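In UniProt numbering, the protein residues as written are 1 to 377.
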């Protein structure tokens, strides 16, 4: 039943099928119902009742399954027989709400769901329907509030995470949206829809548009892309930069002064020559490396991590036992932990000096052993 309450319904079905007893049969029925296997659910509920599980609780679940099979008459007949439960049973009011909603009486359905929540604030099915009804009418704030309450009371259904994720995106809360989609992926790694939604939400985290900023950004990129050959440099300096595969001013912002000085036949005179050119364009050697941590807009770590997940992300990157070349890249980019590494994309790493496809594959392989991956992968 642990898998059921974790929201891993498919796994729950497989485990509960191997278990005996009325409790296992009852939750097997609920798992089948959530999976849309209604005939199997009815059989499981019948077994649960015959095995001694509380008959009224089983009948309420049967009413819900019959309603979803479009047998509203049979479902209503069950509720009529159980009307004495109305004073104290939240599930009864939830099932009444479901029937009212099926009949198109939304106001009556909402009242029934609200009554169910009054009796049991943790009744997730009623909370979900209230969230859904508010979502339909454009009451985003109330819808989000109801869906968020569902998160506190497992099992959390896929519908809750999808609907809440979309609402978060509509309201610009892309970090929370991405977290919803990640939870869906953890529950079902084959859920392609969740993967695509997550990718879009994560991409939106780095998107911000301002006409003024865009103009500045365009001008900055143009300066960064100016080729070194546009400037009058000494033969010694040109040859050094060519050996280091430095072709643009942008390339010079991604290396340090000590790295330049370490190059053969490159001394202080050549360094000063290049620094003058960079200053004229409002740039500095090593600028991108210095400002990367402060100014780059990157995806921020997901929220609501378990202690185990947080501990993994806090591990030092040295635990990956990377090659010397890959380690130097981590140092240049000021990447100290696995969490910081996971915030980087493959393209960002490949921009680092002496870091190629081989090093990239090495990093990805090591991250996989921790169940992690680079942003965008």
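Positions of the beta carbon are idealized from the N, C-alpha and C atoms, including for glycine.
All values reported here derive from a predicted model rather than from experimental measurement.
Strand pairing of residue 137, partner residues [DSSP]
Paired residues: none, contrary to the question.
Chain-order list of residues whose beta-carbon lies under 6 Å from that of residue 194 (same chain, five-residue window excluded)
181, 184, 185
At which residues does the alpha helix (DSSP H) containing residue 26 begin and terminate?
22-35
Does the count of Cβ pairs from the segment 68-76 and the segment 48-56 closer than 8 Å reach three?
no
Any beta-carbon of chain B closer than 9 Å to the one on residue 266?
This model lacks chain B altogether, as it is built from one protein chain only.
Once the 5 residues before and after residue 270 are set aside, which same chain residues still bring their CB inside 7 Å of it?
234, 236, 237, 240
Three-state secondary structure (DSSP) at residue 337?
strand
What ranges does the alpha helix (DSSP H) occupy inside the segment 27-85, keeping only unbroken runs of at least 4 residues that lie completely in it?
38-50, 55-68, 72-81
Residue 35 versus residue 10 - alpha carbon distance:
8 Å
Exposed or buried, which one is residue 311 when buried takes at least 16 other CB atoms within 10 Å?
exposed
Whole angstroms are fine: how far does the CA of residue 355 sit from the CA of residue 169?
35 Å
How many angstroms separate the CA atom of residue 21 from the CA atom of residue 45?
12 Å
Secondary structure of residue 155, DSSP reduced to three states:
coil
Neighbourhood of residue 227 by C-beta distance below 7 Å, restricted to the same chain and skipping five residues each side:
247, 248
Only counting runs of 4 or more residues, tell me where the alpha helix (DSSP H) segments fall wholly within the UniProt repeat "TPR" (158-191), in order along the chain.
158-170, 174-187
Helix or strand or just coil, what does DSSP make of residue 316?
strand
Alpha carbon to alpha carbon, how far is residue 350 from residue 167? Give it in angstroms, no decimals.
35 Å
Hey, quick one: how far does the alpha helix (DSSP H) through residue 113 stretch, first residue to last?
106-119
Inter-residue spacing [alpha-carbon to alpha-carbon] between residue 31 and residue 196
26 Å
Can you have a look at residue 47 and say buried or exposed, based on whether 16 or more other CB atoms are within 10 angstroms of its CB?
buried
Taking all protein chains shown into account, decide if residue 296 is buried (16 or more other Cβ within 10 angstroms of its Cβ) or exposed.
In this prediction, residue 296 scores a pLDDT of 38, lower than 50, which makes its location untrustworthy; no coordinate-derived value is stated.
Beta carbon of residue 132 nearer than 9 Å to that of residue 116:
no
Pick from 120, 343, 309 that is closest to residue 370, judged by C-alpha positions
309
Helix, strand or coil at residue 248 [DSSP, three-state]
strand
Inter-residue spacing [alpha-carbon to alpha-carbon] between residue 78 and residue 364:
56 Å
Exposure label - residue 149; buried when at least 16 CB within 10 Å:
buried
What do you reckon, are the CB atoms on residue 41 and residue 56 nearer than 9 Å?
no
Cα separation between residue 294 and residue 205?
Residue confidence for residue 294 is low, a pLDDT of 36 falling below 50, so the modelled location carries little weight; the figure read from the coordinates is stated next. Using only the alpha carbons, I get a separation of about 16 Å.
Presumed contact (8 Å Cβ cut-off) between residue 23 and residue 13, rounded CB distance:
Rounded, the Cβ-Cβ distance is 15 Å, inconsistent with contact.
Taking the alpha-carbon positions, what's the residue 322 to residue 261 distance?
26 Å
Cβ-based burial, residue 267 [other Cβ within 10 Å; buried from 16]
exposed
Taking 6 Å as the limit between beta carbons, can you name the residues of its chain near residue 98, skipping five residues before and five after?
67
Cutoff 8 Å; reference residue 157; Cβ partners in own chain excluding five residues on either side:
7, 34, 124, 128, 150
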